[in-house]
């Protein structure tokens, strides 16, 4: 079995270079803002293809960004991993699937560019000894390639440094420097040790700075209520790149489609705090102990409904029979598989009781209201075999609806949370940032979560990483093309 490098966040902290000594004004060929999957990929590809003097500026003291805490799920089609497992797939079929998931709101030209680039980047990793550790399907075709993200980020850092790329951490970028006459982006203003500095780039700047899950005012401007939603995004994702791009005239895409996901336990910090247990029998109630949603709806739709409830509060309610079903489904139960009983484990409270009224009292919600809701639901299932209130028809598309009748009973407080903000600067198939007239802003590229257009109305599993790696690669090659044009 191939020996894998397991590099944790602490190791990455130790290995990440601090800001290198510099003058108040530095000159490079290419400046990349953000040292996550998109930024480091861009740096490696550009450096391999002849771009010299590349500077990567990272706001945080450690590299990796959102990609470091991601589950490593990478959507790709037509790969060697699929072929060796007998999976028949094509970019055409993958585009149709993504357009269906994005409700047709995706920019199809970006999908057509991303899929081959993402596949080529997987080949690049495989040639460098980094291979997917699993291949699975979320829906239908097995397109989700599972990678060990700390291993990937550590390798990208090592590769970039070996190619002469400079990586300066703890250096937030505050502004883009734009030529007042031509409009070309020619550098950045960044902060180092509390002092503002300027760095200029002859080719331009690539924004790979991530999203804005940690910026409440930006979230509120996109959708009322999002500012009150928790997030598992790392610190520092405050929309710096988005704001800088808009300031120099960039157009945006998909911001109106940003949605939270459901369901997370209190104070979530990782994907391990997420559960899909409600798809296997529990009902969802609000602070008044009333149902308000079809529990079989897509998890982002449920999140939207929860955000509309008082303080965005909700609770999963179920019995011991449903508990047994969920506990057998480790891949779907998330944190629930680790604890059953009254009390807490980490951030996960699970309340139990011998009766519905008792568990409601333990969970500090209305006993009478919860008893009435559970009784009404059970009666409908017993008499009709379906849910006349919210049209829940089955469990996971297969099993019949289950009554909540066998003690002990359980209540778990859960909430929506943001995994990321998959809308942002509008780009073309060369990763160039576009202005409001649809024309490229000279000297400005973008890749990853700071961009919009790929996802449309919903981000399908694995596509955020596919976009980061795919357009990170494209941006690196675009910078290489710009270098050739300068030489000619």
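Residue numbers (mature numbering (1 follows the signal peptide of the UniProt record, and there is no 0)): -21 to -1, 1 to 467.
Even glycine gets a Cβ: it sits at the ideal position worked out from N, Cα and C.
Consult DSSP for residue i and reduce its assignment to one of helix, strand or coil.
i           : result
residue 8   : strand
residue 46  : helix
residue 304 : helix
residue 154 : strand
residue 62  : helix
residue 375 : coil
residue 125 : strand
residue 355 : helix
residue 255 : coil
residue 405 : strand
residue 244 : coil
residue 462 : helix
residue 193 : coil
residue 369 : coil
residue 204 : coil
residue 431 : strand
residue 450 : helix
residue 437 : coil
residue 385 : coil
residue 40  : coil
residue 235 : helix
residue 89  : helix
Tell me, which residues are paired with residue i by DSSP?
i           : result
residue 392 : 294
residue 229 : 414
residue 213 : According to DSSP, residue 213 bridges with nothing at all.
residue 145 : 34
residue 113 : 125
residue 164 : 157
residue 270 : 264
residue 400 : Per DSSP, none; premise fails for residue 400.
residue 98  : Note: residue 98 sits in no beta bridge, so no partner.
residue 170 : 175
When you compare the CB positions of residue i and residue j, do they come within less than 8 Å of one another, or not?
i           : j           : result
residue 98  : residue 57  : yes
residue 217 : residue 404 : no
residue 125 : residue 52  : yes
residue 431 : residue 21  : no
residue 266 : residue 288 : yes
residue 163 : residue 422 : yes
residue 330 : residue 390 : yes
residue 448 : residue 100 : yes
residue 33  : residue 166 : no
residue 84  : residue 436 : yes
residue 395 : residue 282 : yes
residue 187 : residue 169 : no
residue 402 : residue 237 : yes
residue 179 : residue 156 : yes
residue 210 : residue 397 : yes
residue 132 : residue 18  : no
residue 8   : residue 240 : no
What residue does the beta strand (DSSP E) around residue i start on, and which one ends it?
i           : result
residue 183 : 174 to 186
residue 219 : Here residue 219 belongs to no beta strand (DSSP E); instead the alpha helix (DSSP H) covers 219 to 226.
residue 344 : Here residue 344 belongs to no beta strand (DSSP E), and DSSP marks it neither H nor E.
residue 421 : 419 to 425
residue 52  : 52 to 54
So does residue i have its beta carbon nearer than 7 Å to some heavy atom of the ligand PLP?
i           : result
residue 357 : As far as ligands go, the structure on display features none, and thus does not contain the ligand PLP.
Which word fits residue i, buried or exposed, when buried means at least 16 other C-beta atoms lie within 10 angstroms of its C-beta?
i           : result
residue 75  : exposed
residue 235 : exposed
residue 205 : buried
residue 189 : buried
residue 307 : exposed
residue 82  : exposed
residue 334 : exposed
residue 13  : buried
residue 141 : exposed
residue 461 : buried
residue 191 : buried
residue 159 : exposed
residue 352 : buried
residue 298 : buried
residue 363 : exposed
residue 322 : Model confidence at residue 322 stands at a pLDDT of 43, short of 50, so the residue's coordinates are unreliable; what they give is reported in the following sentence. Residue 322 is exposed by the Cβ-count criterion.
residue 227 : buried
residue 294 : buried
residue 261 : buried
Between which two residues does the alpha helix (DSSP H) containing residue i stretch?
i           : result
residue 24  : 16 to 27
residue 278 : 278 to 286
residue 75  : 70 to 80
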